[in-house]
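**Student:** Per the UniProt record's numbering, numbering through the sequence shown is continuous, rising by one, with the last residue being 76.
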Amino acid sequence: MSQVCLQDGPNCEPCRPLQRSPIEGFYLSGDYTKQKYLASMEGAVLSGKLCAQAIVQDYELLVAWGQRELTEATMS
Numbered sequence: 001m002s003q004v005c006l007q008d009g010p011n012c013e014p015c016r017p018l019q020r021s022p023i024e025g026f027y028l029s030g031d032y033t034k035q036k037y038l039a040s041m042e043g044a045v046l047s048g049k050l051c052a053q054a055i056v057q058d059y060e061l062l063v064a065w066g067q068r069e070l071t072e073a074t075m076s
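#1: Mapping DSSP to helix, strand and coil, what is ARG16?
#2: Taking 7 Å as the limit between beta carbons, can you name the residues of its chain near GLN35, skipping five residues before and five after?
#3: Measuring straight from C-alpha to C-alpha, what distance separates VAL63 and PHE26?
#4: When we look at the beta-carbon of MET1 and count the other beta-carbons within 10 Å, is it buried (16 or more) or exposed?
#5: Got a sec, what are the start and stop residues for the alpha helix (DSSP H) ILE55 sits in?
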């Protein structure tokens, strides 16, 4: 019988990236990111929700960042 469920190797969880990346304004979503499920459709959906939540939490920062970029572009 073939294996139906994927299994991560030991200590793989710390290697998974968060939805909020270290790059300002850049977010990640997908079953490979840090969330409670293994690589699966459920993991991808949860990751999308966590990513959207991070964007909503960062909304004011993103708006300020966008305005700063626009100001710098018009001054050049």
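All C-beta atoms, glycine included, are put in the ideal place defined by N, C-alpha and C.
**Tutor:** Answer, in terms of the structure:
#1: coil
#2: GLY43, LEU46, SER47, LEU50
#3: 13 Å
#4: Because the pLDDT of MET1 is 48, which lies under 50, any placement of that residue in the model is unreliable, and the question is left without a value.
#5: 41 to 57
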